[in-house]
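Undergrad: The sequence shown begins at 1 in our numbering and counts up by one.
Below: one structure in structure tokens.
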Amino acid sequence: MTTEAKWQRFMELAGELSDLSRAAAVLGWDQQTYMPPGGGEARAQQRATLQRVIHERLTGAEVGELLADLEAQGAAGDDPFRKAVLRETRRMYDQAVKIPADLAAEFVRVTSVAMNAWARAREEGDFDLFRPHLERIVELTCERADALGYTTDRYDALLDLYEPGATRDEVNRIFDGLRGTLIPLLHELLPKLGEVDDGPFRRELARESQMAFVNEVIAQIGFDYNRGRMDLSAHPFTISFSPNDVRLTTRIDPNDLRMALYSAIHEAGHGMYEQGIPARWERTPVGAVPSLGLHESQSRMWENVIGRSREFWAFFLPKLRQAFPGEFDGVDVDAVYRAVNRVEPSYIRTEADEVTYNLHIMIRYELEQALVDGSLAVADLPGAWDAKMEEYLTVRPRSVREGVLQDVHWSMGSIGYFPTYSLGTILAVQLFEAACKEHPEIPSEIAAGNFEPVRHWMQRNVYDQACLYTPKELLEKVTGTGYDPEPYLAYIKGKYGELYGL
């Protein structure tokens, strides 16, 4: 077989693996949106079977032999796309062959069942309903990390699954810098919290009207409803089956529009990234997002840097009044701006303000490391969670629903994921400032309802690149640095210093 024939066969196999993974994703989306409660056990088995098929296909002799031959024969040449295909496939293949097929399937089965157990435990406020499932997840997670291998720390193997190339030491350095600024800033703000009123949004609004307004907003900023849709779920998320089929979810608080609105804007940031992946790379290893930190940079940028700006509300306040006649007539842009940026230590991560959000992430980061290294038992997790909340955020959860059971991630086996939220939050500011440096008119265009300049910059510099580069290569190319917390900290200190008169 010629080298080119091998390449064509290799790409056929890559396309089939992509198809199987997307099919598995459809089952996952349905489980969190429309599947009836009784379907959990059967769905767990279905997903486990699909995972076993994917694992066996990826680790089969044909993929391994073709990959080795193409690498040895220099099949990529100077073609950046082919180089990236081989790099990404090598990474996936090496990870997969280290994890036994039985372990891969069992992990999917256990987490699928655990997601339903988490939902029930959260609804009933009973951690013990979820505890045995999480204990098994931690056990399997440690087995996976040990199978993958690591140089100095088991947690590095898990972090690398979500942020390729990142290490715990690197994240620790970033968090040390954030902690040293954010905790003193929060304590400086505590006596002044009552000076900013969020009353404009604390009113009952019909669920249907909320969803109509939210849909209008995310369509305006650029999410394409011809290639996506939005539904409701207990925990908002985004999932992509292709650039032409991207699903978002949000959730509604009938007494506070901000819940549905900012959850949807956040997910739309993810969704626009997925819709922006070049169609020509669909069904290839390059047609994806290179890291979750990069993914989160888009959700956090649209949600916070743009969505909580004065310019954003200069455009959307008139539309808000139209959507809810008589409700916001006496509210001006400054009042809305202050309301959506009010700082208040809160129990719930997804409702946290920009000052306290990263403290929520640090709590999860520290606790999941303790679970993985064995210094914290799952049974002791609720108490440890509450103590960390009090230490970092000065509040103590009143129940496990607003404490340890608030996030779905651990039920999905996503241990090592949480740091990417903070990495993305940092990068959101870096990317927005880079866009504005090239196009200083972006803020004024946002105030006029034109989101195309900022979206086009992101398309050209981020979305179009997909996995053509490694995360670190792409960050260097776009920002000139890696993850740098200094622009984010300057943004936070400037914005909230002005808002609270510090």
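No residue lacks a Cβ here, since even glycine has one placed at the ideal position from N, Cα and C.
It should be emphasised that the depicted structure is a prediction, and the values quoted were computed from it without experimental measurement.
In chain order, what residues of the same chain lie with their CB nearer than 7 Å to the CB of Asp-160, ignoring the 5 residues before and after it?
TA: Here the question's residue 160 lines up with position 160 in the sequence shown. Contacts found: Ala-166.
Undergrad: Could you tell me the distance, in whole angstroms, from the CA atom of Ala-288 to the CA atom of Gln-298?
TA: As a first step, residue 288 is located in the sequence shown; it is residue number 288 there, counting from the start. As a first step, residue 298 is located in the sequence shown; it is residue number 298 there, counting from the start. Looking at the two C-alpha atoms, the distance is approximately 14 Å.
Undergrad: Is it right to say Tyr-24 is buried, meaning 16 or more other beta carbons lie within 10 angstroms of its own, or is it exposed?
TA: What you label residue 24 is simply residue 24 of the sequence shown in a count that begins at 1. A quick correction: the sequence has Ala, not Tyr, at residue 24. Result: buried.
Undergrad: Suppose the cutoff is 6 Å on Cβ atoms and the five residues either side in sequence are ignored; what does the same chain contact list for Ile-221 look like?
TA: Numbered from its first residue, the sequence shown carries residue 221 at position 221. Same-chain partners within the cutoff: Phe-451.
Undergrad: Can you tell which of Leu-185, Glu-366 and Asn-341 has its C-alpha closest to the C-alpha of Met-389?
TA: Position 389 of the sequence shown holds residue 389. The residue with the shortest Cα to Cα distance from Met-389 is Glu-366.
Undergrad: Taking Val-400 and Pro-382 to be in contact with their CB atoms under 8 Å, please state how far apart those CB atoms are, rounded to whole angstroms.
TA: Translated into positions along the sequence shown, residue 400 becomes position 400. Translated into positions along the sequence shown, residue 382 becomes position 382. The pair is a contact, with the Cβ atoms about 6 Å apart (cut-off 8 Å).
Undergrad: Give the single residue among Phe-432, His-409 and His-456 whose Cα lies nearest to the Cα of Thr-32.
TA: The count along the sequence shown starts at 1 and reaches residue 32 at position 32. Contrary to the premise, residue 32 reads as Gln rather than Thr in this sequence. The option with the nearest alpha carbon to Gln-32 is His-409.
Undergrad: Are the Cβ atoms of Tyr-500 and Leu-189 separated by less than 8 Å?
TA: Your numbering for residue 500 matches position 500 in the sequence shown. Your numbering for residue 189 matches position 189 in the sequence shown. A contact, by the Cβ cut-off of 8 Å.
Undergrad: Just list the alpha helix (DSSP H) runs in the segment 139-220, keeping only unbroken ones of 4 residues or longer that don't cross its boundaries, in chain order.
TA: Complete alpha helix (DSSP H) runs here, min 4: 154-162 and 168-189.
Undergrad: DSSP state of Ile-239, grouped into three classes?
TA: In the sequence shown, the residue the question calls residue 239 occupies position 239. Strand.
Undergrad: Put Gly-228 into one of helix, strand or coil per three-state DSSP.
TA: For the purposes of this step, residue 228 is taken as residue 228 along the sequence shown, with counting starting at 1. Of the three classes helix, strand and coil, the one that applies to Gly-228 here is strand, per DSSP.
Undergrad: Work out the CA separation of Gly-149 and Ile-277 for me, nearest whole Å.
TA: Taking the first residue of the sequence shown as position 1, residue 277 is located at position 277. Taking the first residue of the sequence shown as position 1, residue 149 is located at position 149. Looking at the two C-alpha atoms, the distance is approximately 31 Å.
Undergrad: Could you spell out where the beta strand (DSSP E) holding Val-554 opens and where it closes?
TA: For residue 554 there is no data in the structure shown, the boundaries of the chain being 1 and 502.
Undergrad: If you draw a straight line from the C-alpha of Ile-415 to the C-alpha of Gly-330, how long is it?
TA: For the purposes of this step, residue 415 is identified with residue 415 of the sequence shown, where counting begins at 1. For the purposes of this step, residue 330 is identified with residue 330 of the sequence shown, where counting begins at 1. If you take the alpha carbons of Ile-415 and Gly-330, they lie about 46 Å apart.
Undergrad: So, do the segment 32-45 and the segment 89-103 have three or more beta carbon pairs nearer to each other than 8 Å?
TA: Counting Cβ pairs under 8 Å, fewer than three are found: no touch.
Undergrad: Mapping DSSP to helix, strand and coil, what is Asp-329?
TA: Position 329 of the sequence shown, counted from the first residue, corresponds to residue 329. In this structure, Asp-329 counts as coil in the three-state DSSP scheme.
Undergrad: By DSSP's criteria, Asp-79 is part of a beta bridge. Which residues make up the other side?
TA: Mapped onto the sequence shown, residue 79 falls at position 79. Per DSSP, none; premise fails for Asp-79.
Undergrad: Please report how far the alpha carbon of Arg-91 lies from the alpha carbon of Tyr-417, in whole angstroms.
TA: For the purposes of this step, residue 91 is taken as residue 91 along the sequence shown, with counting starting at 1. For the purposes of this step, residue 417 is taken as residue 417 along the sequence shown, with counting starting at 1. Taking the straight line from one Cα to the other gives about 18 Å.
Undergrad: Less than 8 Å between C-beta atoms, sequence neighbours within five positions excluded: which residues of the same chain meet that for Leu-236?
TA: Numbered from its first residue, the sequence shown carries residue 236 at position 236. First, the amino acid is wrong: residue 236 is Pro here, not Leu. Closer than 8 Å at Cβ, skipping near neighbours: Leu-248, Thr-249, Thr-250, Arg-251, Ser-263, Ala-264, His-266, Glu-267 and Thr-350.
Undergrad: On the DSSP letters alone, give me the boundaries of the alpha helix (DSSP H) that Thr-33 sits inside.
TA: Residue mapping note: residue 33 aligns to position 33 of the sequence shown, counting from 1. 3-33 is the extent of the alpha helix (DSSP H) around Thr-33.
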